[in-house]
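A short worksheet on the structure shown next.
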Amino acid sequence: MDVTVLSWLRSIGWSAFTWALGGVLLVNGVALFAFIWKRERSVVNAWTGPVLAINIVLVAIGIGVPMVTSVARLAIIGMRGVIPGISISSQ
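So in full-length UniProt numbering, spot 7 of the sequence shown is number 7, and the numbers just go up one at a time.
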């Protein structure tokens, strides 16, 4: 079961990173297309705040979730030395 939890945590981290990266590319691609298509300064002024906020949230998810899952994996692996009843086999 412990190997399953470790692999699940790894997959969650990579999935979050992949989806966040895809979201950043999609949001910035749509914004760039809209800026080039309209060619108006008002569009840039109106969209900069929301696009920046979305980018910050997506970057936080893309970095934060893998970091938290990595720390959780390290904690699970580290517990086998502290608690003798926990055995983590690498199958």
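Even for Gly, the Cβ is constructed at its ideal location relative to N, Cα and C.
Checklist line | Buried or exposed (CB count within 10 angstroms, at least 16 for buried), Thr69 | finding: buried
Item checked: Residue range of the unbroken alpha helix (DSSP H) whose run includes Ala12 -> The sequence shown places Ile at residue 12, not Ala. That run of the alpha helix (DSSP H) goes Asp2 to Lys38.
Margin query: Am I right that Ala34 and Trp47 are in contact with their C-beta atoms under 8 Å? What's the rounded C-beta distance?
Written below: About 7 Å separates the two Cβ atoms, so the contact holds.
Notebook entry, point to check: Which ranges does the alpha helix (DSSP H) cover as unbroken runs of at least 4 residues, wholly within the segment 40-90, from first to last along the chain?
Noted result: 41-82
Margin query: Output needed for Gly23: all residues of its chain with C-beta closer than 6 Å, excluding positions within five of it in sequence on either side, in chain order.
Written below: Leu58
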